[in-house]
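Undergrad: Residue numbers (the working numbering): 397 to 461. Think of the CB as a built atom: it goes at the ideal place given N, C-alpha and C, for glycine as much as any other residue. Everything numeric in this text was worked out from a predicted model, so none of it was measured. Next up is a structure, given as structure tokens.
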């Protein structure tokens, strides 16, 4: 595991024919967002704005278009 990404966890999942992307910052500091999510529809997040960095303990669930 790379030091720069050791607190970042992300995966794709297919459920009932729809594809989702889940990403998590598991650290207490901001980190760079490793996946571009501009073409994804946000479904659930504990932060309002999706910038180039993820806030501490930020978790997002997107539907992939």
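In chain order, what residues of the same chain have a beta carbon less than 6 Å from the beta carbon of residue 420, not counting five sequence neighbours either side?
TA: Residue 420 sits at position 24 when you count from the first residue of the chain shown. 405, 455.
Undergrad: How would you write the range of the beta strand (DSSP E) that residue 436 sits in, first residue to last?
TA: For the purposes of this step, residue 436 is taken as residue 40 along the chain shown, with counting starting at 1. It spans 436-441 - the beta strand (DSSP E) in which residue 436 sits, taken as one unbroken run.
Undergrad: Using 9 Å as the threshold, is the C-beta distance between residue 417 and residue 436 below it?
TA: As a working mapping, residue 417 is identified with position 21 in the chain shown. As a working mapping, residue 436 is identified with position 40 in the chain shown. Inclusion of residue 417 and residue 436 in the CB contact set at 9 Å is warranted, their separation being smaller than that value.
Undergrad: Suppose the cutoff is 8 Å on Cβ atoms and the five residues either side in sequence are ignored; what does the same chain contact list for residue 415 look like?
TA: In the chain shown, residue 415 corresponds to position 19, counting from 1. Spatial neighbours of residue 415 in its own chain (CB-CB distance under 8 Å, excluding positions within 5 residues in sequence) are listed in chain order as 408, 409, 459, 460.
Undergrad: Would you report the Cα separation of residue 402 and residue 450, rounded to the nearest angstrom?
TA: For the purposes of this step, residue 402 is taken as residue 6 along the chain shown, with counting starting at 1. For the purposes of this step, residue 450 is taken as residue 54 along the chain shown, with counting starting at 1. Rounded to the nearest angstrom, the two C-alpha atoms are 14 Å apart.
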